[in-house]
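In this note's numbering, the protein residues as written are 159 to 853.
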């Protein structure tokens with residue numbers, strides 16, 4: 159939204175009726191704070207008059223997400239104006255303390271402290287709910303943080319150590335950027351610093367010398383910045399020898415400017431610094447991009463534009479949607495008026511709809527970087543594992559530290575951008591977050607499908623680095639590593655995953671890995687254990703030789719050796735386990751939608767003389783992995799009544815359905831059952847173990 163000046167005598171009649179002194183005096187008790195200052199009906203009513211500057215200001219901080227009708231109690235679903243202390247526009251109340259004291263009592267304590275510290279009142283607009291009891295637990299802080307607030311501009315900091323300011327649309331604030339980075343380096347050592355401890359840069363690591371534009375090895379002990387941006391369609395030649403870079407796209411030129419202004423002499427950009435021809439150094443650097451981005455002084459994220467010609471807003475081009483609405487207004491207490499400024503949206507909302515946020519490569523780059531400067535068309539943001547800063551909100555470190563100390567455990571963790579946060583700095587880190595991360599990653603686009611594994615390798619290798627005693631991955635498929643388990647057990651458990659409806663085959667990767675499918679990864683139980691005697695899995699090399707169980711286990715026990723082994727593997731594994739046959743029945747031949755989930759399996763022996771259907775309620779399905787469309791080859795095969803082969807993982811209630819494609823078998827789908835006595839019935843039908851090549 160463009161900046162705009164407006165005087166209160168030019169406002170619409172509704173906004174003129176608002177008592178601005180009252181709006182900004184604050185609400186310092188929980189019951190009072192839950193009552194809105196004004197109700198605006200639906201979103202369109204927030205900005206009642208397009209010629210009114212204050213209407214425009216209100217609309218700039220109102221979100222259209224999840225609009226509901228006005229049904230229910232009076233006012234529910236309508237937009238409402240609220241006042242919150244500035245501190246609670248940054249972080250919510252503490253959940254543990256709230257559970258101990260209750261929401262109302264904790265909110266009253268925090269609001270009382272905010273008043274005594276002379277915190278400032280900020281305005282937010284959000285929808286009114288039927289019950290606003292958990293208002294300060296998360297509702298109001300999240301709305302304020304995500305969509306922004308209106309605040310009085312002041313030359314001094316408020317009692318919480320914050321002040322909102324109008325930013326220069328043409329010039330990004332390098333003083334603020336240097337301060338943000340300094341805060342992270344000197345105050346977040348245990349968290350942000352801990353992520354890079356013990357890491358090393360890959361062989362052949364080169365950087366751009368910002369002064370000479372020469373591509374060269376990074377000098378010992380020198381810092382470097384990294385760039386994350388959308389490549390676009392253009393290409394660039396590269397060489398392993400030092401070369402002077404000329405005629406660079408605007409985003410690259412601007413990134414060099416930012417790096418230099420931050421006092422850093424070297425910049426790493428994948429397109430220029432990774433060899434583009436096939437060689438061992440290229441493979442090693444791609445496999446270790448998590449170390450490169452993680453060890454950088456800062457990663458510059460070019461979140462605006464669709465290609466490298468766009469440049470960085472605030473460097474070579476103006477911010478075209480400056481997040482401030484500048485209003486001079488008269489009031490009963492001041493003759494000169496006040497200036498009301500918007501904090502602007504948070505970084506997650508600012509980048510959500512960008513091309514940068516849709517790409518697989520950039521998803522990885524944002525996640526594995528320790529410190530990030532995010533350049534958007536609105537403002538510059540900083541994000542690390544502990545904090546998020548934005549240009550429009552300045553902080554006075556001493557006051558902020560005093561404020562944090564005075565509130566103690568009553569205030570929760572500051573909000574973070576989930577698009578940029580791996581969660582690995584948490585103590586202790588949780589391996590389960592990997593699947594949330596992979597689920598998000600699986601929805602991203604990529605220009606070349608055979609790059610998909612490379613684009614995820616930094617994330618997977620980072621988790622493997624953080625969890626050396628718990629996690630490995632093969633062809634992008636996570637394994638629950640345990641030194642006491644065999645490779646067969648770990649691989650068998652890794653095959654038991656699900657993916658969202660409508661997946662498309664990604665032929666360059668194996669069907670037994672989620673990498674082999676273009677769809678949203680759902681879940682995998684890493685703790686699932688398969689009895690040692692039940693299944694045997696062997697890894698196959700590209701030359702057709704099989705890796706002995708003992709050799710495979712020795713490699714898996716040593717992450718460095720295992721990483722080298724991964725580069726030698728074929729897409730196939732050899733699996734031997736109990737097998738069963740399935741007749742597939744179409745439960746609704748007239749259905750024309752959801753063709754992947756209307757197939758009821760009946761287990762049988764090879765001769766077809768004995769069978770059973772697992773206990774189910776209401777219907778038991780074969781969950782087909784691939785998208786099924788009327789009349790396609792898979793639909794015809796499912797409808798033909800043919801017999802399918804199932805690989806049985808008894809005691810985990812899981813059957814992997816496969817089909818013969820000539821040189822190997824491929825995954826078709828899965829059947830899961832829950833009745834314990836079905837295990838024995840299924841085992842009774844398994845008259846033979848099958849040994850197949852699964853690819």
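Glycine included, each C-beta is placed from N, C-alpha and C at the ideal position.
Relative to residue 407, the option among 464, 602, 247 whose CA is nearest is 464. Beta-bridge partners assigned by DSSP to residue 541: 530, 546. Within the region 576–614, no run of beta strand (DSSP E) reaches 3 residues while sitting entirely inside it. Per DSSP, the beta-bridge partners of residue 827 are 782, 815. Looking at the DSSP output, residue 424 sits in a beta bridge with 367.
Under the three-state reduction of DSSP, residue 296 is assigned to helix. A residue is called buried once 16 or more other Cβ atoms fall within 10 Å of its Cβ, and residue 819, having fewer, is exposed. Between the region 525–540 and the region 327–342 there are three or more C-beta pairs closer than 8 Å, enough to call the two in contact.
Annotated three-state conformation of residue 707 is helix, per DSSP. Counting along the chain, residue 797 sits inside the alpha helix (DSSP H) bounded by residues 791–797. The alpha helix (DSSP H) runs lying completely inside the region 712–769 and spanning 4 residues or more are 717–724, given in chain order. Shown here, residue 521 sits in a helix according to DSSP, grouped into three states. For the region 439–484, the full-length beta strand (DSSP E) segments reaching 3 residues or more read 456–460 along the chain.
Under the DSSP definition of a beta bridge, residue 696 partners with 732. When C-beta atoms of the region 512–525 are compared with those of the region 576–593, three or more pairs fall below 8 Å, so the two segments count as touching. When DSSP states are grouped into helix, strand and coil, residue 198 belongs to the coil group. For residue 206, the closest C-alpha among the options 817, 193, 220 is that of 220. The Cβ atoms of residue 279 and residue 242 lie closer than 9 Å to each other.
Two segments are said to touch when three or more pairs of C-beta atoms, one from each, lie closer than 8 Å; by this definition the region 414–432 does not touch the region 578–598. Comparing C-alpha distances from residue 451 to each of 357, 473, 263, 461 shows the shortest one belongs to 357. Residue 636 sits in a strand when the DSSP states are folded into three classes. One thing to note: residue 597 has its Cβ within 9 Å of the Cβ of residue 678. Per DSSP, reduced to three states, the secondary structure at residue 680 is strand. Comparing alpha-carbon positions, the option among 727, 659, 320, 760 lying closest to residue 815 turns out to be 760. Looking at the DSSP output, residue 374 bridges to 365. Contact between residue 657 and residue 852 does not hold, since their C-beta atoms are separated by about 16 Å, which reaches or exceeds 8 Å. Ranked by how close their Cα comes to the Cα of residue 826, the residues 740, 810, 282 have 740 in first place. Note that the C-beta distance between residue 363 and residue 461 is not below 9 Å.
Around the CB of residue 606, fewer than 16 other CB atoms lie within 10 Å, so the residue is classed as exposed.
In the three-state reduction of the DSSP assignment, residue 807 falls in the strand class. Under the DSSP definition of a beta bridge, residue 663 partners with 675.
In the displayed model, residue 552 falls within a strand according to three-state DSSP.
In the assembly as shown, residue 745 is an exposed residue. Its beta-carbon has fewer than 16 other beta-carbons within 10 Å. The beta carbon of residue 567 is closer than 6 Å to those of 252, 255 in its chain, skipping five residues each way along the sequence. Here residue 388 carries a coil assignment [DSSP, helix/strand/coil].
Three or more beta-carbon pairs separated by less than 8 Å link the region 429–447 to the region 612–622, which places the two stretches in contact.
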